[in-house]
Amino acid sequence: MLPVPTEYYLVLSGVLFTIGVIGVLIKRNPIVIFMCIELMLNAVNLSFVALGRHFGHINGQMYVIFVMAVAAAEVAIGLGIIVAVFRTRETINIDEINLLKY
Amino acid sequence: MNWELLFFWMLATVSIGSALAVVANKNPVRSALFLVTNFFVLALFYLTLSAQFVALVQVIVYAGAIMVLFLFVIMLLNLGAPESLRERGGLQAPVAIVLALSFLIAISGAGAISSGLPKSAATAASLEKGGEVEAIGHALFNPGLPWLFAFEVTSILLLVGVVGAIVLAKRRA
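Protein sequences, first through last, are from chains A and B.
So for the first sequence, the working numbering puts the first residue at 3; every next one is plus one.
So for the second sequence, the working numbering puts the first residue at 257; every next one is plus one.
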């Protein structure tokens with residue numbers, strides 16, 4: 003018998019994901035938006051691990067490992083893009099960066 | 257109330273509080289530090305879920321590598337508390353919060369509570385052995401499972417990420 007029900011972890015994961023969604027929607031700073039995306043990825047990882055434990059299967063943790071690899075690559079590229087945009091536009095306000103060219 | 261449940265509620269409080277602080281803070285450096293707190297708490301969650309290897313990878317990759325990258329870029333761009341990034345007024349924030357809360361009700365209510373999970377298949381052996389490096393390695397490098405191909409593709413993805421980051425960050429001559 004599991005000491006903490008899996009549903010608790012799933013609801014917690016949903017709450018963390020929602021906080022990440024709110025941050026992505028209301029923040030103006032692309033770096034903080036990136037952090038909120040990481041928050042959402044971590045929330046999904048938590049539900050993967052919780053369901054992997056629930057079903058007594060390793061696959062949940064395997065997914066988490068690949069999500070982490072993709073998140074690492076994504077952060078490196080995304081922050082590189084932010085630095086490049088800041089160099090050309092001298093601002094990182096998300097409302098003024100509405101063109102990927104220039 | 258048993259101890260595991262008490263520990264779960266303590267960790268859940270800290271993780272939700274730090275996640276809210278990430279969103280609510282005006283200073284991106286403080287947001288980053290609260291995000292580190294959140295990552296550590298999630299690592300503790302993975303430990304309570306008997307996923308030891310994932311917990312260690314969480315600390316090393318997220319709290320170590322990714323957060324250092326974030327802080328490095330924040331300090332490189334010198335974004336203490338810029339005036340231009342102040343949140344606008346208007347309806348954007350309230351509408352976003354209302355939509356997000358309805359989203360939360362939808363995913364937690366429909367997905368986790370009302371439909372109900374099948375009975376747990378976890379056994380004492382699976383809980384004990386679940387997240388050890390040996391089990392993960394056997395699953396990852398077994399040619400009969402789909403993970404080996406994904407592992408090889410991930411190496412290409414990381415290579416592309418390294419090359420792309422250098423190309424993007426290189427100063428144009």
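Just so it is clear, CB atoms sit at the ideal spot from N, CA and C, and this is done for glycine as well.
The structure displayed is predicted, hence computed values, not measured ones.
Nearest to VAL418(B) by alpha-carbon distance, out of VAL13(A), ALA78(A) and ASN95(A), is ALA78(A). The C-beta of GLY273(B) comes no closer than 8 Å to any C-beta of chain A. Within the stretch 300-315 of chain B, the residues whose Cβ lies closer than 8 Å to some Cβ of chain A are PHE301, TYR302, THR304, LEU305, SER306, ALA307, PHE309, VAL310, VAL313 and GLN314, listed in chain order. Cα atoms of ASN31(A) and PHE397(B): separation of roughly 41 Å, rounded to the nearest angstrom. Rounded to the nearest whole angstrom, the C-alpha separation of GLY393(B) and SER49(A) is 21 Å.
Judged by their CB atoms, GLY387(B) and GLN63(A) are nearer to each other than the 8 Å cut-off.
Collapsing the DSSP output to three states places VAL6(A) in coil.
Under the Cβ criterion of 8 Å, ASN258(B) is counted among the residues facing chain A. Burial check for ILE412(B): the Cβ neighbour count within 10 Å stays below 16, so the residue is exposed. Under the criterion of beta carbons closer than 8 Å, CYS38(A) and VAL279(B) qualify as touching, at roughly 7 Å. The Cβ atoms of PHE295(B) and ALA319(B) lie closer than 8 Å to each other. Nearest in C-alpha terms to ALA45(A), of all of VAL85(A), LEU81(A), TYR11(A) and ILE99(A), is TYR11(A). Distance from VAL329(B) to LEU14(A) at the Cβ level is roughly 29 Å; contact not present, criterion being Cβ atoms closer than 8 Å. With its beta carbon at least 8 Å from every one in chain B, ARG91(A) lies outside the interface. Neighbours of GLY387(B) across chain A, judged by C-beta separation under 7 Å: GLN63. In this chain, the alpha helix (DSSP H) harbouring GLY273(B) covers 259-280.
Considering only beta carbons, the part of the stretch 27-40 of chain A lying closer than 8 Å to chain B consists of LEU27, ILE28, LYS29, ARG30, ASN31, ILE33, VAL34, PHE36, MET37, CYS38 and GLU40, in chain order. For GLN308(B), the uninterrupted alpha helix (DSSP H) run begins and ends at 308-313, by DSSP. For ILE35(A), the enclosing alpha helix (DSSP H) stretches over residues 32-56. For ILE353(B), the residues of chain A that pass the 9 Å Cβ criterion are ILE24, LEU27 and ILE28, in the order they occur in the chain. By the 16-neighbour rule on beta-carbons within 10 angstroms, PRO284(B) is buried.
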